[in-house]
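Q: Quick note on this note's numbering: the sequence shown kicks off at 2 and runs consecutively.
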Amino acid sequence: MAISSISNQLYNNYQSLASGKRINSAADDAAGLAIAQELQKQVNGYDAGSRNVGTSQDMLKVADGALSTISDSLQRMRELSLQASNTAIYSPGDINSIQQEIEQLKQSIAGTASQTQFNGKNILDGSMGNSHVATGPGSQGFDIQMPNAVLESLGIADYDVTKDFDISTLDAALDKVNSARSSLGASSNTLDYVLEYNANASYNTTAAQSRIEDLDYPQAVSELKKNQLLQTFQLMMQRRQLENENGRVLQLYRS
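(1) Mind checking which residues open and close the alpha helix (DSSP H) that includes Q105?
(2) Count Cβ pairs between the region 169-188 and the region 32-46 that sit closer than 8 Å; are there 3 or more?
(3) Which residues in the same chain as A70 place their Cβ atom closer than 7 Å to its Cβ, once the five residues preceding and following it in sequence are excluded?
(4) Whole angstroms is fine: what's the gap from Y91's alpha carbon to T163's?
(5) Taking the alpha carbon of G130 as the reference point, which residue from S72, P148, V178 has its own alpha carbon closest?
(6) Taking all protein chains shown into account, do 16 or more other C-beta atoms lie within 10 angstroms of the C-beta of L86, making it buried, or fewer, making it exposed?
(7) Counting only the same chain and skipping the five closest in sequence on each side, list residues whose C-beta sits under 7 Å from that of E102.
(8) In three-state DSSP terms, what is V134?
(9) What residue from A89, S180, M60 has the CA that sits closest to T117's CA?
(10) How would you label S128, buried or exposed, when you count the other beta carbons within 10 angstroms and need 16 or more for buried?
(11) Need the endpoints of the beta strand (DSSP E) that G46 sits in, please.
(12) Which of helix, strand or coil does DSSP assign to K122?
(13) Is the distance from the Cβ of A181 to the Cβ of L68 below 8 Å?
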């Protein structure tokens, strides 16, 4: 084996030990490199999907918190409506005062529905509709139906206890809000399962990639030592050959 060939092998040995990789270029293992890169793409996809899942869960928490305040306002409106129904005690002036508080609660609900945002997007005014969450390496995922909690959607825009009113209108609004919260909760639970799956898939895919391209250090060190000995031996043999040739030249001169 030529010295230049051993030198190249030594260079590759040092490069592999420095990088920790068995494959540092396509020349090392073209097929292995292609497979490792494909696996790396999948790992990156799973990790990106997990980040998407985490961000989406944060959005759902914001939405649920806002819906909780809307639910509290509706409960208070229902309580006030029951008071207004007791005309045996409350005068028209009292009922007008009750309606003023109801109007303030309606404004609070309207403000919450129109101003609750996540990353600059309104999430409770019906403008989002189906929110797609990309959870996997190939952008696959599922849609989350974001609720519409504006007064018109809840059916309470014109709710007024100074006129003919029906408390069942508030019950229907509460049912809609509770249903929306249940749906968001179910979506959040689904995202928990997806997050666990992605973490497991990413770990196992990384392990497969590692087996293909990572360096076996004990074997690499052994290969390095072998090539170092071969290089030393060849240098010694070349030196001896040179000495023998010089000796023959001296003998020719003497003769």
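Where a beta carbon is used, it is the ideal one built from N, C-alpha and C, also for glycine.
A: A quick look at the data gives this:
(1) 93-116
(2) no
(3) For clarity, residue 70 is Thr in the given sequence; the question names Ala instead. Closer than 7 Å at Cβ, skipping near neighbours: T113.
(4) 11 Å
(5) P148
(6) The residue asked about is misnamed: residue 86 is Ser in this sequence, not Leu. Exposed.
(7) L81
(8) strand
(9) M60
(10) exposed
(11) G46 -> not in any beta strand (DSSP E); alpha helix (DSSP H) instead, spanning 31-86.
(12) strand
(13) yes
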